[in-house]
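Residue numbers are given in my numbering: position 18 of the sequence shown equals residue 14, and the series is strictly consecutive.
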Amino acid sequence: MEVAGLDEVLDAIVGNGQNHAAAGTSQSLLSLLRNAGRGRLPSADARNRFFQMLLRTRRRDAFAETVALFETDGWIAPPRAPDEDD
């Protein structure tokens, strides 16, 4: 799978609360990312959007292995962005 396709997967999870809240999503995503091909991971921008969703929804623990995989690739988690209401 190409980077653009992986970006679309992360954005689909971000865009649909049922996706990120489903019990098997974290493991399915991790499996997809591990099998996408050597050196193929979503773009930094897609990772950042995904991470912000994890922070907003308090789902970081559920996706801890995915975040760790991103970090092994050199990605650095951004600070939490202010909520739109702030």
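Using N, Cα and C, we set each Cβ at its ideal position, and we do this for glycine too.
So, under 8 Å CB-CB, residue i and residue j are touching, yes? Tell me the CB distance rounded to an integer number of Å.
{"i": "D3", "j": "S39", "result": "5 Å"}
{"i": "R56", "j": "L50", "result": "4 Å"}
{"i": "D7", "j": "R45", "result": "7 Å"}
Distance cutoff 8 Å, beta carbons only. Does residue i sit that close to anything in chain D?
{"i": "F66", "result": "In the structure shown, chain D cannot be found, because there is only a single protein chain."}
Assuming residue i is part of the alpha helix (DSSP H), what are its boundary residues?
{"i": "G11", "result": "-1 to 11"}
{"i": "R52", "result": "40 to 53"}
{"i": "R30", "result": "21 to 30"}
{"i": "L65", "result": "60 to 68"}
Kindly list the residues whose CB is nearer than 8 Å to the CB of residue i, restricted to its own chain and excluding five residues on each side of it in sequence; keep chain order.
{"i": "R30", "result": "L65"}
Within a Cβ cutoff of 7 Å, which residues of the same chain sit near residue i, ignoring the five residues on either side of it in sequence?
{"i": "L37", "result": "L2, L29, F66, D69"}
Which residues in the same chain as residue i place their Cβ atom closer than 6 Å to its Cβ, once the five residues preceding and following it in sequence are excluded?
{"i": "P74", "result": "N44"}
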